[in-house]
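**Student:** Following this message is one structure expressed as structure tokens.
There are 4 protein chains.
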Amino acid sequence: MRTPVPEYLQEVIDDLTDIRDGDVADYIPDLATADPERFGIALATVGGRVHVAGDADVEFSIQSVSKPFVYAAALLDRGFERVLDSVGAEPSGEAFDELSLEADSHRPKNPMINAGAITTHQLLLGEHATGEERVARAVEFLSELAGRRLEIDESVKRSELDTADRNLALAHLLRNYRVFSTGAHEVVEGYTAQCSILVTARDLAVMGATLANGGVQPLTGAQVMPGDVARQTLSVMAAAGMYDAAGTWFSGVGIPAKSGVSGGMLGVLPGQVGIGVFSPRLDSHGNSVRGVEACRRLSTDMNLHLMASDAAGSASVRDIEYDDNEIRVVLQGTIQFSGAENIVDRLQHIEPGDTTILFDVRRVDRFLDVGRRMTLEGMRRLRLDGHPIALYDPDQRLPSPDMGDGHFPEQRA
Amino acid sequence: MRTPVPEYLQEVIDDLTDIRDGDVADYIPDLATADPERFGIALATVGGRVHVAGDADVEFSIQSVSKPFVYAAALLDRGFERVLDSVGAEPSGEAFDELSLEADSHRPKNPMINAGAITTHQLLLGEHATGEERVARAVEFLSELAGRRLEIDESVKRSELDTADRNLALAHLLRNYRVFSTGAHEVVEGYTAQCSILVTARDLAVMGATLANGGVQPLTGAQVMPGDVARQTLSVMAAAGMYDAAGTWFSGVGIPAKSGVSGGMLGVLPGQVGIGVFSPRLDSHGNSVRGVEACRRLSTDMNLHLMASDAAGSASVRDIEYDDNEIRVVLQGTIQFSGAENIVDRLQHIEPGDTTILFDVRRVDRFLDVGRRMTLEGMRRLRLDGHPIALYDPDQRLPSPDMGDGHFPEQRA
Amino acid sequence: MRTPVPEYLQEVIDDLTDIRDGDVADYIPDLATADPERFGIALATVGGRVHVAGDADVEFSIQSVSKPFVYAAALLDRGFERVLDSVGAEPSGEAFDELSLEADSHRPKNPMINAGAITTHQLLLGEHATGEERVARAVEFLSELAGRRLEIDESVKRSELDTADRNLALAHLLRNYRVFSTGAHEVVEGYTAQCSILVTARDLAVMGATLANGGVQPLTGAQVMPGDVARQTLSVMAAAGMYDAAGTWFSGVGIPAKSGVSGGMLGVLPGQVGIGVFSPRLDSHGNSVRGVEACRRLSTDMNLHLMASDAAGSASVRDIEYDDNEIRVVLQGTIQFSGAENIVDRLQHIEPGDTTILFDVRRVDRFLDVGRRMTLEGMRRLRLDGHPIALYDPDQRLPSPDMGDGHFPEQRA
Amino acid sequence: MRTPVPEYLQEVIDDLTDIRDGDVADYIPDLATADPERFGIALATVGGRVHVAGDADVEFSIQSVSKPFVYAAALLDRGFERVLDSVGAEPSGEAFDELSLEADSHRPKNPMINAGAITTHQLLLGEHATGEERVARAVEFLSELAGRRLEIDESVKRSELDTADRNLALAHLLRNYRVFSTGAHEVVEGYTAQCSILVTARDLAVMGATLANGGVQPLTGAQVMPGDVARQTLSVMAAAGMYDAAGTWFSGVGIPAKSGVSGGMLGVLPGQVGIGVFSPRLDSHGNSVRGVEACRRLSTDMNLHLMASDAAGSASVRDIEYDDNEIRVVLQGTIQFSGAENIVDRLQHIEPGDTTILFDVRRVDRFLDVGRRMTLEGMRRLRLDGHPIALYDPDQRLPSPDMGDGHFPEQRA
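Heads up: the sequence lines are chains A, B, C and D, in that order.
Here the first sequence stands for residues 1 to 413, where the numbers follow the working numbering.
Here the second sequence stands for residues 414 to 826, where the numbers follow the working numbering.
Here the third sequence stands for residues 827 to 1239, where the numbers follow the working numbering.
Here the fourth sequence stands for residues 1240 to 1652, where the numbers follow the working numbering.
If you want it as structure tokens, here you go:
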């Protein structure tokens, strides 16, 4: 048999392909000539499986979809404090508030608006980086996320530079407020190059899945960024990614997302999937019309929603088996807070005594740090109740099993 | 042994109790006389376990923390369309934009600001409800969420009515814009009664856990509201609950939350927990100083964050066992989209043939609809490959196992 | 012969009567039933002549045109400092900024918007005035300005109170910010009574001429208010009277003006005329369509514009006649700064010597204080040059002619 | 004797010289090194007399004080319609609204803010003018107003260009919104050159007096611009010249004014005087501290206030003398609307009959067009009453004395 997911994606394409509302961006010739009928969808799981349908392998310039990824790169290169010094993390609210600098600090309100994205680009690498170095860094980082070597579309870049007045205005203004001191034209040229990187819907899905996966690229297995950088990036994308319609998008779709003027759209559901869509016709907010609808469909059909209450909650304790001379506690799944809370709750029912308690963790996928700590605390308390503790962990799922008082469980083979 | 969670909560209290910044709300005598040293924390899981520490059973008036719950009641009573007609779902942005009505429609921007909450209260039950009926409805609904009979503090209510000018201004303005036509004083009196309902930190945790649990009260098991109402409520709370600091709260804490002027604070992590905190000293935004810190601590220590990538992801396929005359597929956990996607991915590796394939779903906690549909689709495809399909489901975890083509798997006992 | 001014006004009416754009205010029945064809114009000079045409003697409720006059009354009753403490003097800018309270102080931005006008009404008389006393004060003051006993239209007042939600909202908000502590409903009832005072276009012209005339009612000769109150009132009316179109009105028409929702319109050109227009159809800003056009016509045709450079400038020195034994300086007109500056300039050409210099001031209309001081300073200097000074002033146009050094000119009979 | 005006100005300087609040602008070295103690005042009358005190002949760069004058030049070069197409005439309100472009049209709100001034500079001469030509035009026009050849301070210009980021931001933004298409850097260089023109307080006073005098330079007698251009310029300056304190300035000082960052300040009272002040220390709004105070003093002491009700009002009819065979009407002063209205009012008292009526206009300074028309209409009506009309006008003060019906008065010698 074949997995039905690609067919499902194809169904979405078939259903939405008749939507021909909106217009291809026309402010530069290289975007205006895009084929408006193109439509591709890709979905990548944190497990590293990628499903595609339609024109998911057609290249287009990434444009504003680059913003969250380069924000992650800046956090990586400069640290949270330095980046937050220059760019805020608040939604900018009204769309017509076109510059969205904070009233007193003159920081751009967030990295998803142009002022913030230009500042973010300027932060790459460090204070003494050259323009070329910053561009090379952006290309390299996005390539790492996509798992293939990405290229800049020089023709798109040149066209955009010809009509870059708004971005030049922002860059001069940011210089004026000393948000940075790099030359306005140099920064805008670099930012425009970043926006001209060619990607596919498949790339976006994989790049998104890396954010969904705590920074680990699910195909290469590389830890492209630490978990806290991925989390901060997703938080800001959730709060500010959809411009002035943040609240409606949140309640109606519930997938943190970012769109670009060339018709690309990125969606990310933490711990689950990255989504990439490509369809060039835009609505009045500048979002891909079919991209928005595709996200809405996936959210509804697949129950992909940040506020879905069903994401977590598998029982972590598969079984507690009482033998004559042993109590066997079988754990399973990913042990995060709710799971560990469930474990220690179950352990409460074990009476004090001297029966050995064996923790069988072979079926555990992973202990998060909080889950590890709470499980070990449970062991420590059982030990205080008189029980010898044993651990059956042939694959070493539970690292450093120190119960906190210097005692370790007896290892079973 | 005893679960360490209450001790952990006590530790948080001990660590934060020295924070004495901020001031008790003083605009009415009944709030001004609150004991500023009070500090209670409660945490309720979607599994129905409640952990408390400190003054978690001290009563205080719920104030603005009532807003999300009454919003849920209004959605329930009047439907999404009617409610969204009168109240938006967007963050209101700037704090000084004190009225936060939308420019054209004059709808309040969201139900978390006073204008929206007053309108939401007015929507309860229906057009012809009296003031008393709306108040009774609010008390009843919040009681259902808390799992106990809540009462109004009449003294607090009377005091607040004496200084209700701002709310009266809002109500008159809403009447002026025809958002509603009920008398301004009647609506404000009802809304003030709603804010005067007495709750404890424990109550808030349980009420929050109900939202986290898709609307099912985890102690009583009652479906207090449908899942989509819980989801909409959480979405709006996430987007607008923390007023003008939404983005910073989002990235820094990542728990949808709502605070009240009496020092109460509610936090909800979908699918996991509800949190209630009570500590009367407020910061300049009107949020409980220790409440904010407690949420931050829980987020950090317990990895409770909406963007945490680790929430989901347990393997749904426990095992595929090849026998001579049968292939046994053992499923486990909650089967949502990522899980089902994983199942059908694994099924792809089964070659066409006539061996019976037995699905053992005893260890499955629950099939979400998307998981059920995808699993059945997998069965259908295997059947088309020649395999007879059997199902071992003594507890009927998989409802209506129609493979979509009129065929059902053979039921095993 | 008859003065052509009324015929000119009639011509304006004839030319504009075909304009039937706009709609009669319909939010209360008493305004909605106004005859939309009514059209009256009146013009009153500071000299006390009144010219009228059309329906200039038809009564209508004064509405917002009462605002500048009651502002003058409040300045009179409470002093500048107290009034400016509660109400600002800045334009409010954007029309949709509906409340227009200052960000920090929460003062209404100016007395021409409703929030400011309600506050101004509340300031009448003093802190302990009752609602009835404030209303009586408004009626009495406006009557004094009009030169006849004005009455309240009780039916209009009652109708407006039925739909006074916006004003009630403002009053509650002002109470909330402690701009005042009088009951919101009492203040709004008083303000509504003030707006329901019946006037005619003729009344408005005369009331405006009183402001134009430094506070002296030009028909009765009564000093209704000091010159600085009239000036402050006109300044605020010029800055804020035309809501968000202040600049365009200023450059295009140049007559400080205020309009009301019943179709009344007031225009004032300092030192020259008061204008009253009545025509009930309103444009989208709520200004009388024909009222606006009539002001524009008068501005263009009559050169009535605040920035007209030709208003002043008559030569103040009619003649300097050299006799054998006397130099006769003949002054004329109103001697303000420019005039006095012209006088002392001319006096410079008189050589030192002992010839008596006689100042003939019979033709002077009036010395402003600055003109009196400068003229006396000129005399003092001539005296220091050796000239005896004499004054021919049978009507005592030059009060207290002390040259500043204890010397007085010799008085001629 | 000598006129006391310069001594009065010196007194103002002496009184205010102890004010040392504020700071010299320090954003470029050439301004930062200005001597903060400099203080000069000049006052020029529409009659062409100039009085000065202190450092009134010290040169400084004109900066923003150039804005109203170049606005006049643009109106002259391009016409009202073209200029108003690109730049509005409304106050910009809030100071922090830093760009002040209109929401829909993206026109700068007025020519007194930088965005508007840059656009105004760009409008000079015509669409095909070069950068140098526009600068030459600005220098030439300001020189004509000052009555002497002005020069650019090249060092100031170069320094300002080094820190011109804010203006470059505005120029790029204006290009982005297609307010103009000239290169951003070219326009900003030209505008900076305009701001670097060297003037003295005396120059500003004379330039202001030209605006006060309906566009006629009072020293050279040249009509530098038509009256309607001067009026529009003053209107916009009154509405928008003092940034966000427009209303307070209006009511407190009442002199349309414009200040510059180098410490220059211009004030204009239509029909009366131009004022120039120079003192480099600035308040937080960027206005010269002593300049503001000097204007306030002049307003108070000299009764120079736009809303002063005493400016006009000299009787226009000096006398009506009844002879046996003639009625002699002696007119005087400047005959504008109020004056002419007064004349026709007086003529009403002449009974019908066949006595010749002789108009003696020797003492008339000037007939405005409205005054001329109304006086001739009075003659026509007297003629219809039977009176032959004669005119004694040896200096031809009354041009084209056609009574409107083809009849002319008999000319007396």
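Ideal placement from N, C-alpha and C gives every residue a C-beta, glycine not left out.
Being a predicted model, the structure only gives us computed values, none of them experimental.
Whole angstroms is fine: what's the gap from Ala-1239 (chain C)'s alpha carbon to Pro-1225 (chain C)'s?
**Tutor:** Computed Cα separation, rounded: 16 Å.
**Student:** Would the stretch 455-470 of chain B count as touching the stretch 621-639 of chain B if we require 3 or more Cβ pairs under 8 Å?
**Tutor:** In short, these stretches touch, since the Cβ pair count reaches three.
**Student:** Closest to Leu-1384 (chain D) by C-alpha separation, out of D:Leu-1450, D:Arg-1259, D:Cys-1534, would be which residue?
**Tutor:** Among D:Leu-1450, D:Arg-1259, D:Cys-1534, the Cα nearest to that of Leu-1384 (chain D) belongs to D:Leu-1450.
**Student:** Please classify Pro-4 (chain A): is it buried, with 16 or more other beta-carbons within 10 angstroms of its beta-carbon, or exposed?
**Tutor:** Looking at its Cβ environment, which holds 16 or more other Cβ atoms inside 10 Å, Pro-4 (chain A) is buried.
**Student:** Skipping 5 residues on each side, what residues in its chain have a beta carbon closer than 6 Å to that of Leu-1173 (chain C)?
**Tutor:** For Leu-1173 (chain C), where only same-chain residues beyond five positions count, the Cβ hits under 6 Å are Gly-1204.
**Student:** Less than 7 Å between CB atoms is the rule here; does Arg-875 (chain C) satisfy it with respect to chain D?
**Tutor:** Yes, contact with chain D.
**Student:** Which of helix, strand or coil does DSSP assign to Val-5 (chain A)?
**Tutor:** Helix, per DSSP.
**Student:** Within 7 Å of any Cβ in chain B, is that where the Cβ of Met-307 (chain A) sits?
**Tutor:** Cβ-Cβ to chain B under 7 Å: yes for Met-307 (chain A).
**Student:** My assumption, with CB atoms under 8 Å, is that Ile-688 (chain B) sits in contact with Gly-680 (chain B). Please give the rounded CB distance.
**Tutor:** Going by Cβ atoms, the distance from Ile-688 (chain B) to Gly-680 (chain B) rounds to 4 Å, so yes, they are a contact pair.
**Student:** Going by Cα to Cα distance, which pick from D:Glu-1425, D:Met-1541, D:Thr-1359 is closest to Gln-1162 (chain C)?
**Tutor:** When each option's Cα is compared against that of Gln-1162 (chain C), the closest is D:Met-1541.
**Student:** May I ask you to report which of helix, strand or coil DSSP gives Gln-1158 (chain C)?
**Tutor:** Correct three-state label for Gln-1158 (chain C): strand.
**Student:** Using a Cβ cut-off of 9 Å, which residues of the stretch 986-1020 of chain C contact any Cβ in chain B, in chain order?
**Tutor:** Answer in chain order: Thr-989, Ala-990, Asp-991, Arg-992, Asn-993, Leu-994, Ala-995, Leu-996, Ala-997, His-998, Leu-999, Leu-1000, Arg-1001, Asn-1002, Tyr-1003, Ala-1010.
**Student:** Check the Cβ-Cβ distances between Ala-115 (chain A) and every residue of chain D, and say whether any is below 7 Å.
**Tutor:** So, not an interface residue.
**Student:** Any beta carbon of chain C sitting closer than 7 Å to that of Gln-1249 (chain D)?
**Tutor:** Judged by the 7 Å Cβ criterion, Gln-1249 (chain D) is not in contact with chain C.
**Student:** Below 7 Å between beta carbons: does that hold for His-1011 (chain C) and Ala-582 (chain B)?
**Tutor:** Not closer than 7 Å, so no.
**Student:** My output table needs one value for Phe-1606 (chain D): the three-state DSSP class, helix, strand or coil.
**Tutor:** It is a strand residue.
**Student:** Tell me where the alpha helix (DSSP H) around Thr-33 (chain A) begins and ends.
**Tutor:** Counting along the chain, Thr-33 (chain A) falls outside any alpha helix (DSSP H), and DSSP gives it neither H nor E.
**Student:** State whether the stretch 766-779 of chain B contacts the stretch 730-747 of chain B, with contact taken as three or more CB pairs (one from each stretch) at a distance under 8 Å.
**Tutor:** Touching, yes, given that three or more Cβ pairs across the two stretches are closer than 8 Å.
**Student:** Among A:Ala-238, A:Ala-239, A:Gly-241, A:Gly-214, whose alpha-carbon lies nearest the alpha-carbon of Val-229 (chain A)?
**Tutor:** Among A:Ala-238, A:Ala-239, A:Gly-241, A:Gly-214, the Cα nearest to that of Val-229 (chain A) is on A:Gly-214.
**Student:** Among A:Leu-161, A:Ile-389, A:Gly-286, which has the Cα closest to the Cα of Pro-352 (chain A)?
**Tutor:** Minimum Cα distance to Pro-352 (chain A) is reached at A:Ile-389.
**Student:** Out of curiosity, what's the CA-to-CA distance linking Pro-1106 (chain C) and Val-1032 (chain C)?
**Tutor:** Approximately 20 Å, taken between the alpha carbons.
**Student:** Could you spell out the range, first to last residue, of the beta strand (DSSP E) harbouring Met-1504 (chain D)?
**Tutor:** 1503-1508 is the span of the beta strand (DSSP E), which, as asked, contains Met-1504 (chain D).
**Student:** If you check the beta carbons only, do Tyr-484 (chain B) and Pro-419 (chain B) fall under 7 Å apart?
**Tutor:** Taking 7 Å as the Cβ cut-off, Tyr-484 (chain B) and Pro-419 (chain B) do not qualify as a contacting pair.
**Student:** Taking Cβ to Cβ, would you say Ala-1295 (chain D) is nearer than 7 Å to Arg-1441 (chain D)?
**Tutor:** Yes. Within cutoff.
**Student:** Listed in chain order, which residues of the stretch 1453-1479 of chain D have Cβ atoms closer than 7 Å to some Cβ of chain C?
**Tutor:** Against chain C - using a Cβ distance shorter than 7 Å - the residues of the stretch 1453-1479 of chain D are Gly-1453, Gly-1466, Ala-1469, Arg-1470, Gln-1471, Leu-1473, Ser-1474, Val-1475, Ala-1477, Ala-1478, Ala-1479.
**Student:** Going by DSSP, what residues sit across from Thr-1182 (chain C) in a beta bridge?
**Tutor:** Looking at the DSSP assignment, Thr-1182 (chain C) forms a beta bridge with C:Glu-1152.
**Student:** Can Gly-1493 (chain D) and Ser-1527 (chain D) be called in contact, C-beta distance under 7 Å?
**Tutor:** No, these two residues do not count as a Cβ contact at 7 Å.
**Student:** By Cβ distance, which residues of its chain are closer than 6 Å to Asp-1221 (chain C), with the 5 residues on each side in sequence left out?
**Tutor:** Around Asp-1221 (chain C): no qualifying Cβ.
**Student:** Expressed to the nearest angstrom, what Euclidean distance is found between the alpha-carbon atoms of Gly-1097 (chain C) and Ala-1547 (chain D)?
**Tutor:** In a straight line, the C-alpha of Gly-1097 (chain C) is about 7 Å away from that of Ala-1547 (chain D).
**Student:** Any chance the stretch 114-123 of chain A sits against the stretch 62-77 of chain A, with 3 or more Cβ pairs inside 8 Å?
**Tutor:** Touching, yes, given that three or more Cβ pairs across the two stretches are closer than 8 Å.
**Student:** Chain C partners of Arg-1241 (chain D), CB-CB under 8 Å?
**Tutor:** Here the neighbours are Gln-1174, Arg-1207.
**Student:** Against Thr-1487 (chain D), what residues of chain C qualify as contacts under a CB-to-CB distance less than 7 Å, listed in chain order?
**Tutor:** Those are Ala-915, Glu-916, listed as they occur along chain C.
**Student:** In whole angstroms, give me the CA-to-CA distance for Lys-1306 (chain D) and Ser-155 (chain A).
**Tutor:** If I take the Cα positions, the gap works out to 42 Å.
**Student:** Return the first residue and the last residue of the alpha helix (DSSP H) that Gly-621 (chain B) is part of.
**Tutor:** Unbroken alpha helix (DSSP H) run through Gly-621 (chain B): 614-625.
**Student:** Roughly how many angstroms separate the alpha carbons of Gly-640 (chain B) and Thr-646 (chain B), rounded to a whole number?
**Tutor:** Whole-angstrom Cα-Cα distance: 10 Å.
**Student:** Consult DSSP for Phe-886 (chain C) and reduce its assignment to one of helix, strand or coil.
**Tutor:** Strand, per DSSP.
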